[in-house]
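Numbering (our numbering), first residue to last: 497 to 779. For reference, the structure is listed below as structure tokens.
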Amino acid sequence: ALVPVADLLVQAEKGGYAVGAFNANNMEIVQAIMEAARLEKAPVIMQASQGAIQYAGLDFITGMVKIAAGDEDIPVALHLDHGTSFEQVIRCIRGGFTSVMYDGSKLPLEENIAITKKVIEIARAVGVSVEAELGKIGGTEDNVSVDEREAMFTDPEEARYFVEQTGVDSLAVAIGTAHGQYKGEPRLDFDRLAKIRQLTNIPIVLHGSSGVPDDQIRKAISLGVRKVNIDTNIREAFVGKMREELAKNEREIDPRKILGPAREAAVEIIREKIRLFGSAGRI
Ligand code: G3H
Ligand code: 13P
Ligand code: ZN
Ligand code: NA
Numbered sequence: 497a498l499v500p501v502a503d504l505l506v507q508a509e510k511g512g513y514a515v516g517a518f519n520a521n522n523m524e525i526v527q528a529i530m531e532a533a534r535l536e537k538a539p540v541i542m543q544a545s546q547g548a549i550q551y552a553g554l555d556f557i558t559g560m561v562k563i564a565a566g567d568e569d570i571p572v573a574l575h576l577d578h579g580t581s582f583e584q585v586i587r588c589i590r591g592g593f594t595s596v597m598y599d600g601s602k603l604p605l606e607e608n609i610a611i612t613k614k615v616i617e618i619a620r621a622v623g624v625s626v627e628a629e630l631g632k633i634g635g636t637e638d639n640v641s642v643d644e645r646e647a648m649f650t651d652p653e654e655a656r657y658f659v660e661q662t663g664v665d666s667l668a669v670a671i672g673t674a675h676g677q678y679k680g681e682p683r684l685d686f687d688r689l690a691k692i693r694q695l696t697n698i699p700i701v702l703h704g705s706s707g708v709p710d711d712q713i714r715k716a717i718s719l720g721v722r723k724v725n726i727d728t729n730i731r732e733a734f735v736g737k738m739r740e741e742l743a744k745n746e747r748e749i750d751p752r753k754i755l756g757p758a759r760e761a762a763v764e765i766i767r768e769k770i771r772l773f774g775s776a777g778r779i
């Protein structure tokens, strides 16, 4: 059954680990996330991005995740990733999401606070948890210099104020990660992370975590990261395997023969991440 993300993060807080939040883009990936969680006896978060909602449709994603979570004993949460509007967030809550991100990071601070508060008021009433973003995480394809990216890092004092004003459940921070494949190796700003955590005292969310070296992920978790978002690493494993299978047999016309092995490859990478985050064997 689907559980609220807040419940999973409370457990993660107690255990000092992080829960993996994996992007659910199609049926095979939803099944792979579930299989990995089952094999590792780990709680998981399946999240729907803007691209996934456009690609599969909100009802399909919701339906697939509900079926996958079904009558398993594995706690699974369904989360909206980078929710773009109040309306979208409410549609997801009505559809059965157990957690939503309202991403107002592009807005002026007070506007971000105002809309986040409105979302929280409704979400709370139905037991749905809310994630917000402060600072701008952005993508590796954004073509910004290191200085420009640092200028968009989360300001710890602003984070303290934001959390105080909104009472948000978790906070996504910009500390040097980016969505997509890194060109070089990212270097996270751990001092900033420690300060944000100290001033907010809530679970911190790390976006753009694909491609971040394992030791930096571990360190971030030791400093209060409780939800780690992974999409790109699954895409790489999935499509990499598809390419391999297609090259092996150029005449293959059965999509299942290509997508089955791709699904297996996704299971493997998700299992590795679950172990890295320390959430294996937690149920
Ligand atoms: O939030 C970032 C996701 O990793 C990718 O988003 O599915 O909308 O391309 P997308
Ligand atoms: P990656 O692109 O690094 O996998 O990040 C995913 C993410 O943060 C989704 O919100
Ligand atoms: Zn993200
Ligand atoms: Na990344």
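Idealized CB from N, CA, C, for every residue including glycine.
Item checked: Segment limits, alpha helix (DSSP H) that includes residue 565 -> Residue 565 sits at position 69 when you count from the first residue of the sequence shown. 554–565 is the span of the alpha helix (DSSP H), which, as asked, contains residue 565.
Next item on the list: For residue 599, count neighbouring C-beta atoms within 10 Å of its own C-beta (all shown protein chains included) and say buried if the count is 16 or more, exposed if not.
Entry: By 1-based counting over the sequence shown, the position of residue 599 is 103. Classification of residue 599: buried, given that the 10 Å Cβ count is 16 or more.
Note to self: If I follow the unbroken beta strand (DSSP E) through residue 577, where does it start and stop?
What the structure shows: Along the sequence shown, one-based indexing puts residue 577 at 81. Going by DSSP, residue 577 is part of the beta strand (DSSP E) stretching over 572–579.
Notebook entry, point to check: Can we count residue 545 as close to the ligand NA, meaning its CB is less than 7 Å from some heavy atom?
Noted result: Residue mapping note: residue 545 aligns to position 49 of the sequence shown, counting from 1. For residue 545, the shortest separation between its Cβ and any heavy atom of the ligand NA does not lie below 7 Å.
Item checked: Beta-carbon proximity of residue 626 to residue 669, cut-off 8 Å -> Within the sequence shown, the letter at position 130 stands for residue 626. Within the sequence shown, the letter at position 173 stands for residue 669. No.
Next item on the list: Please go through the same chain and pick out, in chain order, the residues whose beta-carbon is closer than 7 Å to the beta-carbon of residue 686, but skip the five residues on each side of it.
Entry: Within the sequence shown, residue 686 is the residue found at index 190, counting from 1. Within the same chain, and ignoring the five residues on either side of residue 686 in sequence, the residues whose Cβ sits closer than 7 Å to its Cβ are 715 and 719.
Notebook entry, point to check: How many Å lie between residue 522 and residue 738 at the Cα?
Noted result: If you number the sequence shown from 1, residue 522 lands on position 26. If you number the sequence shown from 1, residue 738 lands on position 242. Cα to Cα, the separation comes out at about 14 Å.
Note to self: Looking at residue 773: is its Cβ nearer than 8 Å to the Cβ of residue 717?
What the structure shows: Taking the sequence shown and counting its residues from 1, one reaches residue 773 at position 277. Taking the sequence shown and counting its residues from 1, one reaches residue 717 at position 221. Residue 773 places its beta carbon less than 8 Å from that of residue 717.
Item checked: Same chain only: Cβ atoms within 8 Å of residue 545, ignoring 5 sequence neighbours per side -> Residue mapping note: residue 545 aligns to position 49 of the sequence shown, counting from 1. For residue 545, where only same-chain residues beyond five positions count, the Cβ hits under 8 Å are 519, 521, 577, 578 and 727.
Note to self: Quick check on this structure: which residue in 700, 658, 712 and 593 has the alpha carbon closest to the alpha carbon of residue 785?
What the structure shows: Examination of residue 785 is not possible in this model, given that the chain is present from 497 through 779 alone.
Item checked: Inter-residue spacing [alpha-carbon to alpha-carbon] between residue 691 and residue 533 -> For the purposes of this step, residue 691 is taken as the residue at position 195 of the sequence shown. For the purposes of this step, residue 533 is taken as the residue at position 37 of the sequence shown. Between the alpha carbons of residue 691 and residue 533 lies a gap of roughly 32 Å.
Next item on the list: Answer yes or no: do residue 675 and residue 631 have a C-beta to C-beta separation smaller than 8 Å?
Entry: As a working mapping, residue 675 is identified with position 179 in the sequence shown. As a working mapping, residue 631 is identified with position 135 in the sequence shown. In this structure, residue 631 does not lie closer than 8 Å to residue 675 by Cβ.
Check: Closest to residue 540 by CA distance: which of 611, 507 and 663 is it?
Finding: Indexing the sequence shown from 1 puts residue 540 at position 44. Relative to the Cα of residue 540, the nearest Cα in the group 611, 507 and 663 belongs to 507.
Note to self: Just list the residues that DSSP pairs residue 667 with in beta bridges.
What the structure shows: What you label residue 667 is simply residue 171 of the sequence shown in a count that begins at 1. Listed as beta-bridge partners of residue 667 by DSSP are 628 and 700.
Check: Any heavy atom of the ligand 13P within a distance shorter than 7 Å of the CB on residue 575?
Finding: Position 79 of the sequence shown, counted from the first residue, corresponds to residue 575. Within the chosen limit of 7 Å, the ligand 13P does not reach the beta carbon of residue 575 with any heavy atom.
Next item on the list: Take the Cβ of residue 555 as the centre, count every other Cβ of all protein chains shown within 10 Å, and call the residue buried at 16 or more, exposed below.
Entry: Position 59 of the sequence shown holds residue 555. Classification of residue 555: exposed, given that the 10 Å Cβ count is below 16.
Margin query: On the DSSP letters alone, give me the boundaries of the beta strand (DSSP E) that residue 597 sits inside.
Written below: On the sequence shown, position 101 is the one that residue 597 refers to. Per DSSP, residue 597 belongs to the beta strand (DSSP E) from 595–598.
Item checked: Residues of its chain near residue 656, where Cβ-Cβ distance is below 7 Å and the 5 sequence neighbours each way are ignored -> Numbered from its first residue, the sequence shown carries residue 656 at position 160. So the list reads 695 and 696, once near-sequence residues are dropped.
Next item on the list: Locate the alpha helix (DSSP H) running through residue 714, then write down its first and last residues.
Entry: Residue mapping note: residue 714 aligns to position 218 of the sequence shown, counting from 1. Here the alpha helix (DSSP H) through residue 714 covers 710–718.
Checklist line | Segment limits, alpha helix (DSSP H) that includes residue 766 | finding: Position 270 of the sequence shown holds residue 766. Taken as a continuous stretch (DSSP letters only), the alpha helix (DSSP H) holding residue 766 covers 751–773.
Margin query: the ligand ZN and residue 725: does the residue's C-beta get closer than 7 Å to at least one heavy atom of that ligand?
Written below: If you number the sequence shown from 1, residue 725 lands on position 229. Relative to the ligand ZN, the nearest heavy atom lies less than 7 Å away from the CB of residue 725.
Next item on the list: Measure the C-alpha to C-alpha separation of residue 609 and residue 701 and round it to an integer number of angstroms.
Entry: Locating residue 609 in the sequence shown gives position 113, counting from the first residue. Locating residue 701 in the sequence shown gives position 205, counting from the first residue. Taking the straight line from one Cα to the other gives about 18 Å.
Check: Is DSSP giving residue 544 helix, strand or coil here?
Finding: Within the sequence shown, the letter at position 48 stands for residue 544. In this structure, residue 544 counts as strand in the three-state DSSP scheme.
Next item on the list: Go through its chain and collect everything with a Cβ distance to residue 531's Cβ below 6 Å, but skip five positions before and after it.
Entry: Locating residue 531 in the sequence shown gives position 35, counting from the first residue. If we look at residue 531 and ignore the five residues flanking it on each side, its Cβ neighbours are 763.
Notebook entry, point to check: Can you pull every residue whose C-beta falls closer than 7 Å to some heavy atom of the ligand NA, listed in chain order?
Noted result: Result: 636, 673, 674, 675, 676, 677, 678, 704, 705, 706, 707, 708 and 728.
Notebook entry, point to check: Of all Cβ atoms in chain C, is any one closer than 8 Å to the Cβ of residue 616?
Noted result: No chain C is present in this structure, which holds just one protein chain.
Notebook entry, point to check: Skipping 5 residues on each side, what residues in its chain have a beta carbon closer than 8 Å to that of residue 754?
Noted result: On the sequence shown, residue 754 is found 258 positions in, with the first residue counted as 1. Here the set comprises 738, 741, 742 and 748.
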